[in-house]
Structure formats: structure tokens, C-alpha cells
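Visitor:
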Amino acid sequence: MTRPNLEIHGVGTASGGSYNLIRVHGKATIDGDVVCARLEVHGVVTVLGDVQADHVHVHGQSEVTGRLVSTEVHLHGGLNVRGDCSAEAFRGDGVFQIDGLLNAEHIEVKIHGPSRAKEMGGQSIEIRGERRSPLGRWKKLRVDTVEGDDIRLESTQAKVVRGNRVFVGRACDVDHVEYRVDFQSTKGSLIQSEQHL
Amino acid sequence: MDQELISKKALLDLTGISYGQLYRWKRKNLIPEEWFIRKSSFTGQETFFPKDQILARIQRILNMKDDLSLDEIAGQFSPVPEVSVSVDEVRRKGLVQATVLDAYLQLRPETVVFRFDRLLALYVFNRLLQSGDVSLQEGELILKTLEEHYDKFTGKDCEFVMIRKLGVTTTALLSSPCELFLESGAKVVVKLNLANSAEDLRMHVVAWEG
């Protein structure tokens, strides 16, 4: 059975279900859980439910009230997930708010505004901030715990960072760092305590 | 139920796996969500695991991961593994007593291959017949109950009970844990946790394939 495509240009509402491609230019609300190969957003999308996809591209603003599971997430704009978000690769630049765990093999995001995740975990995690931004102190990622093998952080405010190799860069504020192999930090980052395991 | 917990940190030290691996396995559902137990500690939140279960699970993943892809491993841990074995194979592997298998085939002559749920029914059937508490006629009740209702408990813990009063037998599946009170004179002949049986069976099946 081939799955249908769902294209919304303009303003529309659709029900959840199983699709091949979901493409939105404009503003759409999808009511229910969604399974699709590709979710492309140019505009604003709200999904009332879970999303399971192979590729998610957000150019604009997306909100998922459930959990988001995808092989790849490309972010160019804003992403808001109420549940957990998991992917093999979570990349891009913009703003995100994930109320649960962000779990990805590779996390690579440039932060352009206030972002939030409860927890982050994965193999490699790299968060970059904006250079010399006048509003830099508001453009931060707040996160409770970051756990990964290779961690590089900028513009991040974290309670605990645990990893094998940890680099805490500029504009960071970390309560506690635990590392196994290597730990470095730049001047101007605030680190309350560190511990070599 | 009180069980010993192990912190994530101690787990990584003990097993030598990395954060990346642990999160990867979690993503692939090799480690069930319920095993991640969050507790607050002096460094904020820490995650704990049920010690015996997680250690056994990690050992099995490490043993399998060289030969199988993570998705294949995930299939083996899912509540209903993808299995289909022929009648001959079951006989050859000696999963159940030959006489029990013959009795089963008399009751279900159309059987050619066993999928996991049918295999579980056979496994339980064998176990109860061998225990001596259950007669062959009652055995058919077991099969009927399991075949009709087991799929409603997918992914959940459930128990099989057999109740007898004045020589009349009836069977039921109960979600577990639950309390059961019977009228006087009725007796619970058999009470069997199906999740444990399914786990035992899964071990057998994995061993064949390995």
C-alpha cells in the first residue's frame, strides 16, 4: 500500500495518520499521531500527537505535543516538543524547546535564541552560540543534564555535564562537570565544580 | 517489590560502555523506558537502573552486537519477537516433550509453523501438563484462552490462572499484579506469570538462533 502525500499551502487542518510526504507552506494543524517518511515545514505547524518520521525539516516553526522520533532532524527556525525527541542526527540552527529528553547520536545546533531541554544525551553533542551578539546573554540554552561521549558547549547553562571528553566554551554556566578522559574550558565560562572519574 | 538499583555512572564503570552507546540502545528500544529510574541526588538528577535486569540485558546486547544489527537485536527484546519455527524444528530442538507435542498436534492438526504467541501457548501447555496438576482436556482450555486473549496483553504483565470447583475447570488471563478472591470451595489450581514464561521461551529461541 502506498501512503498518500499531504500538502498544505496556505492555512489548513488535517488529521493524523500515515503519510509519505507531509509538506506545509503556510500554517497547518495536524490533529493526531503522524507517521511519515518526510515532514517538511516552511511556515508553522502544530502536531497534536506524536510524530514518527525519517526526515524532519523545519524552516519556520513547529510544535509537537507528543514525542518526536526521526532519523534526521534539520532545524532552521524553532522547534517545540513537549515529550522526548530522538534522532540519529539533530542538526541546524535556531531555537528549540524540548520538555523531555533530547536523545540523538549527533547533536549539532547553533543557538539563536533562548532554548531549553530537560536532558540531552548522545554520542557527540555540540552547541554553538552567536558571536558578539548584543543580546547574547538571553540567547542561551538551559538544560539540566548533558551526557555524551564528546561534548562541546557554548552559550549553555547546565546543571550537570557528564562525558568522556568535555569542552566548555564561552558564555557557559555549568554547576558540575564530570569527565573521564579530558576536560577543557575557556576563560569566561563559569564552572562551579569539576570531577575526574 | 524492592530491587537493588545501580546508578548510571556505576553501570558505565562496571560494563565499560559509553554514554553514547547507552543512549543509542535506549533510542533503539533495547533498554525499556521503565528501567530508567530518576532520583534526585546532590548533583541534581541521577538515573538509576534495576541492577540485575540491566546487567543481564547489557551482557546480552554486547554478546549479540557483533553479529546482529541493533534493529535485529531490538526485535529479539520486543514483547513479541519475530519467530516462526516449523513443527519439525520444535520436535528436533526438544523444546517440549514429544508426547506433549503430539497431544498438541491432535488438538491443533492444522499447525504447520509456530509463531511466537503459538509457541508460547505450546510452551505453557507443556509446562502445565508436566506439572501433573492439569489433565489433557483441561489443556485444551489453556490453549483456547491463550490463543483468544494473549494478544490483548501485548507488552503488559499478565498471569494465567486455572480455577476448579467441584471438578469443573475454568481458565482466565489476569493483568498482573492483581488480587483475586474466590468463593469457598473453588481452588486456584494453576497460577503462572506469562511474562516470565515468555522471557524463558525467548531465551530458548535466542539460543537456537545464536
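These protein sequence lines map, in sequence, to chains A and B. Residue 21 in this note's numbering is what sits at position 21 of the first sequence, and the numbering runs on without skipping anything. Residue 1101 in this note's numbering is what sits at position 101 of the second sequence, and the numbering runs on without skipping anything. All C-beta atoms in this analysis are idealised placements derived from N, C-alpha and C, irrespective of residue type, glycine included.
(1) S1041 of chain B by DSSP, collapsed to three states: which one?
(2) What distance in whole Å lies between the Cβ atoms of H55 of chain A and T71 of chain A, which are believed to be in contact at a cut-off of 8 Å?
(3) According to DSSP, is L1136 of chain B helix, strand or coil?
(4) Quick one, which of A:L39, A:Q52, A:V69 has its alpha-carbon nearest Q61 of chain A's?
(5) Taking the alpha helix (DSSP H) that R1118 of chain B belongs to, which residues open and close that run?
(6) Listing by chain order, which chain A residues have their CB less than 7 Å from the CB of S1018 of chain B?
(7) Distance check for F1153 of chain B and G163 of chain A, CA to CA, integer angstroms please.
(8) Could you give the DSSP three-state label for N1196 of chain B: helix, strand or coil?
(9) If we count Cβ pairs, one from each stretch, closer than 8 Å, do we get three or more for the segment 1171 to 1190 of chain B versus the segment 1135 to 1149 of chain B?
(10) Would DSSP call E194 of chain A helix, strand or coil?
(11) I'd like to know if R1027 of chain B contacts chain A, where contact means its C-beta is closer than 8 Å to some C-beta of that chain.
(12) Identify the continuous alpha helix (DSSP H) that holds K1093 of chain B and give its terminal residues.
(13) To the nearest angstrom, report how far apart M1001 of chain B and D1102 of chain B are at their CA atoms.
(14) To which residues of the same chain is V64 of chain A closer than 6 Å at the C-beta, ignoring the five residues directly before and after it?
(15) Are the Cβ atoms of H57 of chain A and V41 of chain A separated by less than 8 Å?
(16) Taking C-beta to C-beta, are V262 of chain A and F90 of chain A nearer than 8 Å?
(17) Check the Cβ-Cβ distances between R1057 of chain B and every residue of chain A, and say whether any is below 8 Å.
(18) Looking at C-beta atoms only, is the number of pairs between the segment 1047 to 1054 of chain B and the segment 152 to 171 of chain A that lie closer than 8 Å three or more?
(19) Does any CB atom of chain B fall closer than 8 Å to the CB of E126 of chain A?
(20) State the CB to CB distance for the pair G122 of chain A and E105 of chain A, rounded to an integer number of angstroms; the pair is presumed to be in contact (CB under 8 Å).
(21) With a 10 Å radius around its C-beta and 16 neighbouring C-beta atoms as the bar for buried, classify N5 of chain A as buried or exposed.
(22) Within 10 Å of its beta-carbon, does V1188 of chain B have 16 or more other beta-carbons around it, so buried, or fewer, so exposed?
(23) Between which two residues does the beta strand (DSSP E) holding N45 of chain A run?
(24) Could you list which residues in chain B have their beta carbon closer than 9 Å to that of S86 of chain A, in chain order?
(25) Less than 8 Å between CB atoms is the rule here; does Q184 of chain A satisfy it with respect to chain B?
(26) Report all residues from its chain with a CB closer than 8 Å to the CB of D1140 of chain B; omit the five preceding and five following residues, and keep chain order.
(27) I need the straight-line Cα distance from T1193 of chain B to D31 of chain A, nearest angstrom please.
(28) Can you find a C-beta in chain B that's less than 8 Å from the C-beta of Q61 of chain A?
(29) Going by beta carbon distance, what residues of the same chain come within less than 8 Å of S1197 of chain B, once the five residues before and after it are set aside?
(30) In the DSSP assignment, what residue or residues form a beta bridge with T1047 of chain B?
(31) Ordered along the chain, which non-local residues of its own chain (more than five positions away) have a Cβ less than 8 Å from that of E1046 of chain B?
(32) Taking only the alpha-carbon atoms, compute the straight-line gap between H112 of chain A and E88 of chain A and give it to the nearest angstrom.
(33) Could you tell me which chain B residues have their CB closer than 9 Å to the CB of N103 of chain A, listed as they occur along the chain?
Guide: Looking at the atomic coordinates:
(1) In this structure, S1041 of chain B counts as strand in the three-state DSSP scheme.
(2) The C-beta distance from T71 of chain A to H55 of chain A rounds to 7 Å, short enough to meet the 8 Å contact threshold.
(3) Helix at L1136 of chain B.
(4) The residue with the shortest Cα to Cα distance from Q61 of chain A is A:L39.
(5) Segment 1116 to 1131, the alpha helix (DSSP H) holding R1118 of chain B.
(6) D149, N164, listed in chain order.
(7) Here the alpha carbons of F1153 of chain B and G163 of chain A stand approximately 39 Å from one another.
(8) The answer is helix: DSSP assigns N1196 of chain B an H, G or I state.
(9) Taking 8 Å as the limit for Cβ pairs, the verdict is that the segment 1135 to 1149 of chain B does touch the segment 1171 to 1190 of chain B.
(10) The DSSP-derived three-state label of E194 of chain A is strand.
(11) Proximity of R1027 of chain B to chain A, defined by a Cβ-Cβ separation below 8 Å, is satisfied.
(12) Run containing K1093 of chain B: 1087 to 1093, per the alpha helix (DSSP H) assignment.
(13) Note that M1001 of chain B has pLDDT 45, beneath the 50 cutoff, so the model's placement of it is unreliable and the number below is only indicative. Between M1001 of chain B and D1102 of chain B, the C-alpha separation is close to 40 Å.
(14) The residues are V47, V51, V81.
(15) A contact, by the Cβ cut-off of 8 Å.
(16) Within the shown structure, residues of chain A are numbered from 1 to 197, placing residue 262 of chain A beyond reach of any answer.
(17) Under the 8 Å criterion on CB atoms, R1057 of chain B is classed as non-interfacial with respect to chain A.
(18) Inter-segment contact for the segment 1047 to 1054 of chain B and the segment 152 to 171 of chain A is absent: fewer than three beta-carbon pairs are separated by less than 8 Å.
(19) Residue contact check for E126 of chain A against chain B: no CB pair falls below 8 Å.
(20) Right, their Cβ atoms sit about 6 Å apart.
(21) So N5 of chain A counts as exposed.
(22) With fewer than 16 Cβ atoms within 10 Å of its Cβ, V1188 of chain B is classed as exposed.
(23) Before going further, note that residue 45 of chain A is Val rather than Asn in the sequence given. Where V45 of chain A is concerned, the enclosing beta strand (DSSP E) stretches over 6 to 48.
(24) Correct list: Y1023, K1026, R1027.
(25) With its beta carbon at least 8 Å from every one in chain B, Q184 of chain A lies outside the interface.
(26) The amino acid occupying residue 1140 of chain B in the given sequence is Glu; Asp does not appear at that position. Excluding residues within five positions, the ones whose Cβ falls inside 8 Å are L1107.
(27) Per the sequence presented here, residue 1193 of chain B reads as Asn, with Thr not at that position. Linking N1193 of chain B to D31 of chain A through their CA atoms gives a straight-line distance of about 39 Å.
(28) Contact with chain B is absent for Q61 of chain A, since none of that chain's Cβ atoms lies less than 8 Å from the residue's Cβ.
(29) So the qualifying residues of the chain are L1120, Y1123, V1124, R1127.
(30) By DSSP's assignment, T1047 of chain B forms a beta bridge with B:R1038.
(31) These residues qualify, in order along the chain: S1007, K1008, K1009, R1038, K1039, S1040.
(32) Their backbone Cα atoms lie some 22 Å apart in a straight line.
(33) Residues of chain B with a Cβ closer than 9 Å to the Cβ of N103 of chain A are, in chain order, Y1023, R1024, K1026, R1027.
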